[in-house]
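End of the sequence shown = 445 in my numbering, gap-free, step of one. Positions of the beta carbon are idealized from the N, C-alpha and C atoms, including for glycine. Please read these numbers as outputs of a predicted model, since none were measured by experiment.
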Amino acid sequence: MAYNEIPARQEAGASPDVLVVGGGPAGSTISTLLAERGYDVVLLEKSHHPRFHIGESLLPMNLPLFDRLGVSEQVASIGMIKYGAEFVSPDHDETSLFEFGQALDKSFPYSYEVRRSELDEILFKNAIAKGARAHEGCDVKRIEFPPGARARVVSQLEDGQIREWHPRFVVDASGRDTLLANQFGIKRRNRKHASASVFGHFTGAERRTGNQEGNISLFWFEHGWFWYIPLRDGSVSVGVVCWPYYMKSRKTGVEQFFFDTIALCPPLAARLQAAKLVSPVTATGNFSYASERCSGPKHIMIGDAFAFIDPVFSSGVLLAMNSAFSGADAVDECLKNPATATRTLKEFDQTSRYGLKIFSWIIYRMTTPAMRNMFMRPSNKFRLQETLLSVLAGDLYRDTPIRSRLLIFKIVYYLMSIRMLGKSYGAWRRRKHSIKNIAFESTAP
Ligand SMILES: Cc1cc2nc3c(=O)[nH]c(=O)nc-3n(C[C@H](O)[C@H](O)[C@H](O)COP(=O)(O)OP(=O)(O)OC[C@H]3O[C@@H](n4cnc5c(N)ncnc54)[C@H](O)[C@@H]3O)c2cc1C
1 MAYNEIPARQ EAGASPDVLV VGGGPAGSTI STLLAERGYD VVLLEKSHHP RFHIGESLLP
61 MNLPLFDRLG VSEQVASIGM IKYGAEFVSP DHDETSLFEF GQALDKSFPY SYEVRRSELD
121 EILFKNAIAK GARAHEGCDV KRIEFPPGAR ARVVSQLEDG QIREWHPRFV VDASGRDTLL
181 ANQFGIKRRN RKHASASVFG HFTGAERRTG NQEGNISLFW FEHGWFWYIP LRDGSVSVGV
241 VCWPYYMKSR KTGVEQFFFD TIALCPPLAA RLQAAKLVSP VTATGNFSYA SERCSGPKHI
301 MIGDAFAFID PVFSSGVLLA MNSAFSGADA VDECLKNPAT ATRTLKEFDQ TSRYGLKIFS
361 WIIYRMTTPA MRNMFMRPSN KFRLQETLLS VLAGDLYRDT PIRSRLLIFK IVYYLMSIRM
421 LGKSYGAWRR RKHSIKNIAF ESTAP
């Protein structure tokens, strides 16, 4: 029987102020913040924590957010301290080390690498502790917004039962499932950037020592880039993000393809020489997208439910949590002053796009020789390196003078590109070719 043919169960408590779909970092954060403000919040999660999730490297600016949620100590107890990022390029002899302590604001010198199963469980349990009514194993199937009435949310429990909810406001934090964007047909693939990923976990890999042990390493190679994230239990998370044309060339199983791809990047292969794969290898299809809008009458979309960009700067969890903080203010304001909701949601839309735009501007230019040089031979003339570090730290939302500094960064980038015009044009053509023919879809291991 299809879920929409099963009679729905109505229970006491089925009409909360706010219903949040998805208990990842975005959904748990906004549930915590709204419950703290006294709202009756229902949080629905289709799986059960702890559950696996990729995306293990955090940014320094996650830390003040953990503080405000009251989970700093818990996160510290599961995290591997990350002081910076190492970049390795096939076109440069030296590796390049970025340390967050050298950013424009030097007071947030580190972040963490975490197992997301652990981090997400901490955030989810915190939402419950702060008063949100959470239900796991509850899959939201459809949301309707009848004019002049409360929203109607249809969910299905694991035993097949249907439950209906009638909240005043809905927050879609369903991650890459993009529940509302799919339902409305407004999800758009990012035409300027397309990639796919394959990843797994290893033990016995070569790790850095001392303060550098927890640093993320990023290795560029011909078809994209690899991450190498050391975790607290001694294992490392390794993944490749590559262009779809390369993924389409796969003729073997995903695991063999992963190993063959690692072999194309000798510095990474050297670190994994004695390593043993201890997880299934997972592939995920082309994943850069955005929804046309992130709000509408009685609803907002936050985190990956709105947009997803290439994870090269480990920005996903920070952007998701930030959108939950600004989303909480927007929902609060809409519920208190429905007459000004349109304006409130417009401002929320602008805030949501702001961080995405800054990261995307650099990501789209990452393959150009000028940007590569700015990463691999960083200079602090005009405070360029400090500026880049502030972006890498996620310091986009505070008083740090990031906008004016970024303007200078962009001018220098364009001047350098003009100086290397021939090479820049070649890189532009290669990138255009790489983006073409995007057809890779999600694959099971
Ligand atoms: C290959 C790859 C590497 C990445 N690396 C990093 C990294 O190093 N650092 C980083 O910060 N980010 C990284 N990210 C991005 C990061 O994982 C996401 O940006 C982040 O998880 C977004 O949080 P979220 O809460 O929006 O979504 P999610 O964390 O995906 O949470 C969404 C939740 O909603 C639930 N859900 C979905 N649909 C429904 C439904 N219908 N009903 C009920 N529940 C539902 C899901 O089960 C899930 O628990 C990476 C992503 C990828 C793909």
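Judged by beta-carbon spacing, residue 199 lies beyond the 8 Å limit of residue 278, meaning their Cβ atoms are not closer than that value.
Contact between the segment 85–98 and the segment 122–130 is not established, with fewer than three Cβ pairs separated by less than 8 Å. DSSP places residue 292 outside both helix and strand once states are collapsed to three, so it counts as coil.
Listed as beta-bridge partners of residue 376 by DSSP are no residues whatsoever.
In this structure, the C-beta of residue 304 approaches ligand 1 to less than 7 Å from one of its heavy atoms.
Straight-line spacing of the CA atoms in residue 13 and residue 318 works out to 32 Å. In this model, residue 204 and residue 241 are separated by some 23 Å (Cα to Cα).
By the 16-neighbour rule on beta-carbons within 10 angstroms, residue 320 is buried. Taking 7 Å as the cut-off, the C-beta of residue 262 does not count as close to any heavy atom of ligand 1. Uninterrupted beta strand (DSSP E) stretches at least 3 residues long and entirely within the segment 175–210 occur at 187–189, 196–203, given in chain order. Exclusion of the five residues before and after residue 60 leaves 100, 108, 111, 393 as the residues of its chain whose Cβ lies within less than 6 Å of its Cβ. Assignment of residue 110 by DSSP, reduced to helix, strand and coil, places it in the coil class. Beyond the five residues adjoining it in sequence on each side, residue 225 comes within less than 7 Å, by CB distance, of 218, 219, 241, 312 in the same chain, given in chain order. With fewer than 16 other beta carbons inside 10 angstroms of its own, residue 425 counts as exposed.
Along the segment 91–179, the alpha helix (DSSP H) occurs as fully enclosed runs of 4 or more residues at 116–129, listed in sequence order. For residue 249, there is no enclosing alpha helix (DSSP H), since its DSSP letter is neither H nor E. When secondary structure is reduced to three states using DSSP, residue 309 falls in the coil class, being assigned neither helix nor strand. Sequence-distant Cβ neighbours of residue 142 in its own chain, meaning closer than 6 Å and more than five residues away, are 154.
For residue 254, the enclosing alpha helix (DSSP H) has its first and last residue at 254–263. The residue from 45, 46, 47, 71 with its alpha-carbon nearest to that of residue 33 is 71. The straight-line gap separating the alpha-carbon atoms of residue 63 and residue 381 is approximately 29 Å.
In the structure shown, the three-state DSSP call for residue 393 is coil.
Here residue 402 is buried: its Cβ has 16 or more other Cβ atoms, across all protein chains shown, within 10 Å. Distance from the Cα of residue 98 is smallest, within the candidate group 236, 257, 214, for 214. DSSP places residue 410 in the uninterrupted alpha helix (DSSP H) bounded by 402–419. Between residue 301 and residue 288, the C-beta spacing is not below 8 Å. Distance between residue 268 and residue 175, taken at the CA atoms: about 30 Å. Under the DSSP assignment, residue 297 falls outside any alpha helix (DSSP H); it carries neither an H nor an E label. For the pair residue 76 and residue 66, the Cα-to-Cα distance works out to about 10 Å. Sequence-distant partners of residue 262 (beyond 5 residues in either direction) whose C-beta falls short of 7 Å from its own C-beta, in its chain, are 268, 269, 272. A distance below 7 Å between beta-carbons, with the five flanking residues on each side excluded, links residue 40 to the following residues of its chain, in chain order: 16, 17. Relative to the Cα of residue 282, the nearest Cα in the group 264, 165, 54 belongs to 54. With a cutoff of 8 Å on beta-carbon distance, residue 363 and residue 171 are scored as not near each other. A direct Cα-Cα distance of roughly 36 Å separates residue 208 from residue 127. For ligand 1, a non-hydrogen atom lies closer than 7 Å to the CB of residue 54. At a cut-off of 7 Å, the beta-carbon of residue 45 counts as near ligand 1: some heavy atom of the ligand is closer than that.
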